[in-house]
Amino acid sequence: MQIMYIRVKRNKTTFFLQCMPSETVLQIKEKLEELIEQPASDQQLILMPNHQVLDDFKSLADQKVENDAVVALTLRKDDDEFEEVNIVRPSDFYPPLESAYATSS
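Here full-length UniProt numbering is used: position 88 in the sequence shown is 88, and no number is missing along the way.
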């Protein structure tokens with residue numbers, strides 16, 4: 001069996017999870033439940049960058065989740081809807097390189 005890693009991101013937090021391609025999304029959510037203390041039923045995992053909502057009962061391999069994939073985590077809100085994807089990108093903190101080294105003439 002081949003071990004893989006996925007990056008699960010929410011806001012400014014990233015969880016690096018070791019998993020197997022044969023694991024279901026529900027099994028991944030159960031791992032996260034231990035880390036974030038939110039029930040699996042209140043989690044939604046979304047494969048980035050195409051925003052594909054992952055099916056709990058299908059394996060990672062079945063849904064084309066590959067090693068080092070970025071998966072967004074959203075949680076159920078009080079109104080029973082899931083929150084919007086909110087992943088902080090490095091560009092939110094650092095200026096693009098071209099502007100950081102720009103010189104005036």
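By construction, the Cβ of each residue, glycine as well, lies at the ideal position given by its N, Cα and C atoms. Quick caveat: nothing in here was measured; it's all calculated off a predicted structure.
### Message
Quick check: residue 65 and residue 6, are their CB atoms within less than 8 angstroms of each other?
### Response
Between residue 65 and residue 6, the gap from beta carbon to beta carbon is short of 8 angstroms.
### Task
Identify whether residue 93 lies in helix, strand or coil by the three-state DSSP scheme.
Because residue 93 carries a pLDDT of 48, less than 50, the predicted location of this residue cannot be relied on, and the following value inherits that uncertainty. In this structure, DSSP gives residue 93 a state outside helix and strand, which the three-state scheme calls coil.
### Query
Can you find at least 3 beta carbon pairs, one from the stretch 25-35 and one from the stretch 75-83, that sit closer than 8 angstroms?
As far as the Cβ criterion goes, the stretch 25-35 does not touch the stretch 75-83, which means the pair count is below three.
### Query
Going along the chain, which residues of its own chain have a beta-carbon closer than 7 angstroms to the beta-carbon of residue 55, five neighbours each way excluded?
Residues of the same chain with a CB within less than 7 angstroms of the CB of residue 55, apart from the 5 flanking positions on each side, are 25 and 63 in chain order.
### Query
Looking only at C-alpha atoms, which of 9, 21 and 47 sits nearest to residue 35?
Checking every option, the nearest Cα to that of residue 35 belongs to 9.
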